[in-house]
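**Q** The sequence shown begins at 1 in full-length UniProt numbering and counts up by one.
We treat Cβ as the ideally placed atom computed from N, Cα and C, and that holds for glycine.
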Amino acid sequence: MNILAINTVAHALNVAAEGAQGTAVVSIEGAHCCIQQQLVRALDVVVKRAGFPVQETQIVACPRGPGSFTGLRTGFAVARALQLGVGARFIAVPTLRLAAHPFRAFTGRVLSILDAKRGRFFWNCFKSGEPLFEDSHNHAQEIVKKVDTRVPCLVCGTGTALFKSVMESQDNTVPFMYVETDAHEGAKTLLALVKVLNHSAATPGERGAPQYTTRTYAKGS
1 MNILAINTVA HALNVAAEGA QGTAVVSIEG AHCCIQQQLV RALDVVVKRA
51 GFPVQETQIV ACPRGPGSFT GLRTGFAVAR ALQLGVGARF IAVPTLRLAA
101 HPFRAFTGRV LSILDAKRGR FFWNCFKSGE PLFEDSHNHA QEIVKKVDTR
151 VPCLVCGTGT ALFKSVMESQ DNTVPFMYVE TDAHEGAKTL LALVKVLNHS
201 AATPGERGAP QYTTRTYAKG S
């Protein structure tokens, strides 16, 4: 199956494709200027390496959010254009679930974290890759109260370092394990998650809209 995965919610823009010739990934560090043009060029590179023309894309995927306004808008615009232009199936995946996916085999809880600015974090908790709550945003101590800390808990996502710093400043005693998300791996992880969701009876986000942070939050992202 020919699949395209577009990740524009991290500081490194990255795209991945899987086709007859395998998997190809392109990552661009600090892609803030002319992001849409860089994205289109990157897509052209990965589909060629994966062994199919873009017109034969069968599934196109991108993060649904939460995330910054510019990144989500750009990813959605290009993914939707491919959906309409070549008839590809469109799948939008929650950002927090995307960050948690590499740790789905972890036997405890996986707390996926994204900086929401103003001292808050977007978060959700996962078990075996499945969300235990609705995506929410709270202060760090409020999150700790909602998570079952009686079992091992791994913290991941692009907000991990900041969350760890807040926890340490507040003399937190919960033995969290912290794993900072690699901004260059988002599209590759998205590709893996999409293949799981494609075989699920209920695929999230096919008709969804981006879940932006507020514009105030987005200015700092």
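In angstroms with no decimal places, state the Cα-to-Cα distance between A92 and Q55.
**A** When rounded, the distance between both Cα atoms is 20 Å.
**Q** Quick check on the DSSP output: what are the complete beta strand (DSSP E) runs of length 3 or more inside the UniProt domain "Gcp-like" (36-144), in order along the chain?
**A** DSSP runs (the beta strand (DSSP E)) wholly in the UniProt domain "Gcp-like" (36-144): 59-65, 89-94, 109-117, 120-127 and 136-139.
**Q** Assuming V151 is part of the alpha helix (DSSP H), what are its boundary residues?
**A** That residue, V151, is in no alpha helix (DSSP H); it is neither H nor E in DSSP.
**Q** Using C-beta distances below 6 Å, list every residue in its chain close to G19, excluding the 5 sequence neighbours before and after it, in chain order.
**A** Around G19: N2, A50, G51 and F52.
**Q** Measure how close the beta-carbons of A100 and G71 come, nearest whole angstrom, since I'm counting them as under 8 Å.
**A** 19 Å between Cβ atoms; not a contact.
**Q** Span of the beta strand (DSSP E) holding M167?
**A** From DSSP, M167 is part of no beta strand (DSSP E) but of the alpha helix (DSSP H) over T160 to S169.
**Q** Less than 9 Å separating the beta-carbons of A12 and T23?
**A** No, the pair does not count as a contact, with Cβ atoms beyond the cut-off.
**Q** How is the alpha helix (DSSP H) around V196 delimited, first residue to last?
**A** From DSSP, the alpha helix (DSSP H) with V196 extends over G186 to N198.
**Q** Three or more C-beta pairs under 8 Å: does that hold for the region 95-114 against the region 28-47?
**A** No, because fewer than three Cβ pairs between the region 95-114 and the region 28-47 fall closer than 8 Å, the two stretches do not touch.
**Q** Buried or exposed for V46, please, with buried defined as at least 16 other CB atoms from any protein chain shown within 10 angstroms of its CB.
**A** That one is buried.
**Q** Using the Cα positions of G108 and G85, report the straight-line distance between them to the nearest angstrom.
**A** Each residue's alpha carbon lies about 43 Å from the other.
**Q** Given a cut-off of 9 Å on the beta-carbon distance, is the pair G67 and V155 in contact?
**A** Their beta carbons are not under 9 Å apart, which means G67 does not touch V155 by this criterion.
**Q** Note down, in chain order, each residue of its chain lying with its Cβ closer than 7 Å to the Cβ of R73, except the 5 sequence neighbours on either side.
**A** Excluding residues within five positions, the ones whose Cβ falls inside 7 Å are P210.
**Q** What residues in its chain sit with their C-beta under 6 Å from that of A42, if we drop five residues either side in the sequence?
**A** Result list for A42: V15 and V26, in chain order.
**Q** How many angstroms separate the CA atom of R150 from the CA atom of N124?
**A** Using only the alpha carbons, I get a separation of about 17 Å.
**Q** In angstroms with no decimal places, state the Cα-to-Cα distance between A192 and P131.
**A** A192 and P131: Cα-Cα distance of roughly 17 Å.
**Q** What span of residues does the beta strand (DSSP E) with V26 cover, start to end?
**A** That run of the beta strand (DSSP E) goes G22 to E29.
**Q** Ends of the beta strand (DSSP E) at M1?
**A** Note, M1: premise wrong, no beta strand (DSSP E); not H, not E.
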